[in-house]
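The structure appears right after this line, and notes come after that.
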Amino acid sequence: SAVISQKPSRDICQRGTSLTIQCQVDSQVTMMFWYRQQPGQSLTLIATANQGSEATYESGFVIDKFPISRPNLTFSTLTVSNMSPEDSSIYLCSVEAASRATYEQYFGPGTRLTVT
Amino acid sequence: QKEVEQNSGPLSVPEGAIASLNCTYSDRGSQSFFWYRQYSGKSPELIMFIYSNGDKEDGRFTAQLNKASQYVSLLIRDSQPSDSATYLCAVPGSARQLTFGSGTQLTVLP
Chain A
1 SAVISQKPSR DICQRGTSLT IQCQVDSQVT MMFWYRQQPG QSLTLIATAN QGSEATYESG
61 FVIDKFPISR PNLTFSTLTV SNMSPEDSSI YLCSVEAASR ATYEQYFGPG TRLTVT
Chain B
1001 QKEVEQNSGP LSVPEGAIAS LNCTYSDRGS QSFFWYRQYS GKSPELIMFI YSNGDKEDGR
1061 FTAQLNKASQ YVSLLIRDSQ PSDSATYLCA VPGSARQLTF GSGTQLTVLP
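Residue numbers (the numbering used here), protein chains in the order written: chain A, 1 to 116; chain B, 1001 to 1110.
Written as structure tokens, this is what we have:
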């Protein structure tokens, strides 16, 4: 499976500011996804990031709040804009790898964000 | 909208016992199913996937799929304290995005 890194691993930010999270993969991948995991909760998909096209956002998530870039097949960024304490979560990127039978998703280590 | 339901936890089993984790899904068209393990403070780790009716075994893990009943389960045989984690069931959508269940927290007692 691919090796995925995220930066920063954690951050504490003040409300009203923005944070950009980077996701780097050691091989070229077509599909990258961004998820959020709020404290004590499961994972919720924010958006799908495909190279060469705009990100596709899930219901409840908008581009103005979570702009995403995907400049190439190994890198993506997620920005959390105008943060509030409700944005305190773990943000995870995942990449898709095709196997013989299906498409598997592997997750990066996550970025733990605390908004004060 | 796909829905994925997992049996409510937390679940505690003694060391050496079989842990049974269950998941139901709403979309009859779903073709494949994934089980992730998430240790506290870590990101989810893919441990099993299944796409055919019946059982799929990998070491101490067995995934079971019943498409007629829209039910998928994960059995962990000879449970070890190191298996203590949250187990997440996930179903891919048409664009291959994953919908996760709420997770079941498993504790294996030594």
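Beta carbons are placed, not taken as given, at the ideal position from N, Cα and C, and that holds for glycine. This one's a predicted model, so the numbers in the text were calculated from it and none came from an experiment.
### Query
Which class does B:Ser-1082 belong to by DSSP, given the choice of helix, strand or coil?
helix
### Query
If contact means a Cβ-Cβ distance below 9 Å, which residues of the stretch 1095-1106 of chain B contact chain A?
Ala-1095, Arg-1096, Gln-1097, Leu-1098, Thr-1099, Phe-1100, Gly-1101, Ser-1102 and Gly-1103
### Query
When you compare only the Cα positions, how much space is there between B:Val-1004 and B:Gly-1103?
10 Å
### Task
Output the distance between the C-alpha atoms of A:Leu-92 and B:Thr-1086, rounded to the nearest integer angstrom.
16 Å
### Message
By the 9 Å beta-carbon criterion, what residues does the stretch 1020-1032 of chain B contribute toward chain A?
### Response
Gln-1031 and Ser-1032
### Query
In terms of DSSP beta bridges, what is A:Lys-7 paired with?
A:Gln-22
### For B:Asp-1083 and A:Leu-113, the rounded distance between their alpha carbons
27 Å
### Query
According to a CB-to-CB cut-off of less than 7 Å, which residues of the stretch 21-42 of chain A neighbour chain B?
Met-31, Phe-33 and Ser-42
### Query
Does the beta carbon of A:Arg-10 fall short of 8 Å from some heavy atom of the ligand MG?
No copy of the ligand MG appears in this structure; indeed no ligand is present at all.
### Message
My output table needs one value for B:Asp-1055: the three-state DSSP class, helix, strand or coil.
### Response
strand
### Query
Which of the three DSSP states, helix, strand or coil, is assigned to A:Glu-54?
coil
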